Amino acid sequence: MEQILLLIFIPLLRATDIELFTADDKQYVELSPYCITAANRSAFSFQVLAKDNAHVALMSTDNTAGPLYEIVIGGWGNKVSCIRSETVNQTKLIEFTHTNPYPVNFLAVMTGFGSTGNWKFINDVTCNLEAFENTRVIINNTECNGITTYDCEHGYYLVQGNLQRTCLTGRTWSGIPPVCEQITCNLEVYENTKVIINNTIYNGITTYECEHDYYLVQGNLQRTCLTGRTWSGIPPVCERCMCPCSMQNQRFYNSSEELYQRIQELRKILKVEKNSTNAYLRKKISVPDSRPSSVGIGNICGYGVIIVLVTLLVISDAPILYRQIRFGTN
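Under mature numbering (1 follows the signal peptide of the UniProt record, and there is no 0), the residues of the sequence shown are numbered -15 to -1, 1 to 315, in order.
See below:
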């Protein structure tokens, strides 16, 4: 003798239990979409409110086309419960035994013959919460048809699987377990540059340097690996220095920060004070100018004027002086 299934009728159910309505259509409603099956069970509990002819099917497959046992509650206009082996006849089985028992894996319910049904089932189906490496749980819902949501840890990204999984019949999860791996960027190589620091993990900074006799004309020599596995900034462009002077003792600035600092220093050195320009000074009247160039020009002009005046005086008296020397004085 093999036990088929034990049904327990209970008067009270919990507020979270599953409610189901069956129409007066003599059509079975499978319970597997509600995560209720007979697999790995020795009993299940329910309530039903129906005028008569409430049917429960104990099925081998998840439809009524396969082998099944049918339990009829209050059938044929009376309140007597019975069990029969097929839905197409009225063969009664007095005991819950069968010489060649069908495997019972699935359940279905039905009403008809002038009756509808309101069913309640204990919601005792929950899936075990699964934890995965490098992930965290965002929404934890392990109930029947509940969706549990995961997210990759900061600095990691999904390479396969599903970050949302649904609790299914048989306490199994839909989809594939998520696999999260650390974010890394592909190392990029640029012409006329060399890698000084190679750090391709998330938030890692990779540092480049221009080759010898080359200098940075645009882009960034330091680039950071970002969330989307992309690099910050702009690829560096290094070009050969075209100066005619010897490059042996020249200093090259291979970082953007160092180059910027040097530019600021040169700006300070080459800065021209407005108050010291010739254009500004020419606007002034009788203004002392202590610059060496101005003093030199003033001296030359002063002595030149004196020499010219003396020369003119000498030239004007030259004929008289000549006659006095030649003929003597009278």
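Glycine included, every Cβ here is placed at the ideal spot set by N, Cα and C.
Small disclaimer: the values here were computed from a predicted structure and weren't measured.
message: Buried or exposed for R150, going by 16 or more other Cβ atoms inside 10 Å?
response: buried
- prompt: What is the rounded straight-line gap between the Cα of G160 and the Cα of M95?
  reply: 32 angstroms
- request: Could you tell me if H197 is buried or exposed, where buried requires 16 or more neighbouring beta carbons within 10 angstroms of its beta carbon?
  value: exposed
- prompt: Buried or exposed: Y193, going by 16 or more other Cβ atoms within 10 Å of its Cβ?
  reply: buried
- prompt: Which same chain residues, not among the five before or five after K11, have their C-beta less than 6 angstroms away from its C-beta?
  reply: G97
message: Rounding to the nearest angstrom, what Cα-Cα distance links I132 and T209 in this structure?
response: 36 angstroms
- request: Please state if the CB of N125 and the CB of L143 are separated by a distance shorter than 9 angstroms.
  value: no
field: Closest residue to T116 among S241, I107, T127 and N108 (Cα-Cα distance)
entry: A small fix is needed here, since residue 116 is Ala in this sequence, not Thr. A116 has its Cα closest to that of T127, out of S241, I107, T127 and N108.
field: Complete beta strand (DSSP E) runs within the stretch 155 to 184 (minimum length 3 residues, chain order)
entry: 164 to 167 and 178 to 182
field: Pairwise C-alpha distance: D2 and I56
entry: 22 angstroms
field: Residue range of the beta strand (DSSP E) that includes S30
entry: A28 to A35
query: Less than 9 angstroms separating the beta-carbons of residue 348 and A35?
result: Lying outside -15 to 315, the shown extent of the chain, residue 348 is not represented and no answer is given.
- prompt: Is V89 closer than 9 angstroms to I21 when the C-beta atoms are compared?
  reply: no
message: Would T185 and P221 qualify as a contact pair, given that the criterion is a beta-carbon distance under 9 angstroms?
response: no
query: In terms of alpha-carbon separation, which member of Y265, V164, L5 and E243 lies closest to T101?
result: L5
I190, buried or exposed, once every other Cβ within 10 Å from all chains shown has been counted against 16: exposed
- request: Jot down the residue ranges of each uninterrupted beta strand (DSSP E) in the stretch 118 to 156, minimum 3 residues, whole runs only, in chain order.
  value: 120 to 124, 132 to 137, 141 to 145 and 149 to 153
message: Checking the sheet assignment: what are the DSSP bridge partners for A23?
response: Note: A23 sits in no beta bridge, so no partner.
Best match in L201, G51 and A23 for proximity to S241 [C-alpha to C-alpha]: L201
field: DSSP-derived helix/strand/coil call for I186
entry: strand
message: Helix, strand or coil for L92? Go by DSSP, reduced to three states.
response: strand
query: Rounded to a whole number of angstroms, what is the C-alpha to C-alpha distance between C292 and P304?
result: Residue identity check: residue 292 is Ile in the sequence provided, not Cys. Roughly 20 angstroms separates the two Cα atoms.
query: Can you tell me the Cα-Cα spacing of I300 and I285, whole angstroms?
result: 22 angstroms
- request: Might you give, ordered along the chain, the residues of its own chain that have their beta carbon closer than 6 angstroms to the beta carbon of N119, omitting 5 neighbours on each side?
  value: E138, Y141 and C165
query: DSSP on L201, reduced to helix/strand/coil?
result: strand
- prompt: Three-state secondary structure (DSSP) at N48?
  reply: coil
query: Looking at the structure shown, is I300 part of a helix, part of a strand, or coil, going by DSSP?
result: helix
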